[in-house]
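Comments concern the structure below.
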Amino acid sequence: MRALIALALAALAAACSDDETHPPEFSPDANVAQPRTCAEVRKGEVKGGAVWVEAAPAACGPNAQECPVFDLDAFTGICRQGVPYATCKEGRWVVHCNQDAGVSDAGSTDAGVTDAESD
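What follows is the structure, encoded as structure tokens:
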């Protein structure tokens, strides 16, 4: 019985070590752009709605990742309405104008403010 188990484990180990059954390890090449951090994006500039860093379109990681840029001179005046944010879309940082940013919710009241009709 022990010999059978040892033989099965040896066969399993041999199958697991076969390089042909494993996909090749990912290694980036010159065609893959390095994702830029938010700190790098904040130092970039806007060209045609895309964020450029070091004279190239800035690559990013996961879609919908955001980076606040509304407080930077390089991004001032980009949005006709709303507040500019850099957003990751399809592997590139692009500028998105958030229409809701900075708009207070009309239905909420501050804790320190009392309603005149509640007295």
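Numbering (our numbering), first residue to last: 1 to 119.
Positions of the beta carbon are idealized from the N, C-alpha and C atoms, including for glycine.
In this text the structure is predicted, and so the values were computed from the model without any measurement.
Anticipated Cβ contact below 8 Å, residue i with residue j, distance rounded
| i | j | result |
| --- | --- | --- |
| A86 | V53 | So it is not a contact: roughly 10 Å between Cβ atoms. |
| C67 | R42 | 7 Å |
Which residues DSSP lists as bridging residue i, in chain order
| i | result |
| --- | --- |
| K89 | R92 |
| K47 | A50 |
| V83 | N98 |
| C67 | A86 |
Selected residue, minimal CA-CA separation from residue i, among the options
| i | options | result |
| --- | --- | --- |
| D73 | A64, Q65, P84, N63 | P84 |
| P62 | G49, T37, F70 | T37 |
| V69 | G48, A3, V95 | V95 |
Residues of its chain near residue i, where Cβ-Cβ distance is below 7 Å and the 5 sequence neighbours each way are ignored
| i | result |
| --- | --- |
| E45 | W52, A74 |
| Q34 | A59 |
Coil, strand or helix - residue i by DSSP
| i | result |
| --- | --- |
| V41 | helix |
| A55 | coil |
| D110 | Bear in mind that the predicted position of D110 carries a pLDDT of just 42, short of 50, making it unreliable; the figure below should be weighed with that in mind. Looking at D110 - three-state DSSP - the assignment turns out to be coil, as it is neither helix nor strand. |
Below-9 Å beta-carbon distance, residue i vs any chain D residue
| i | result |
| --- | --- |
| E66 | No chain D is part of this structure, which consists of one protein chain only. |
Same chain, Cβ closer than 6 Å to residue i, five either side skipped, listed in chain order
| i | result |
| --- | --- |
| C79 | C97 |
Cβ-heavy atom distance, residue i to the ligand MN, below 8 Å
| i | result |
| --- | --- |
| Y85 | Looking at this structure, you won't find the ligand MN or any other ligand, since it has none at all. |
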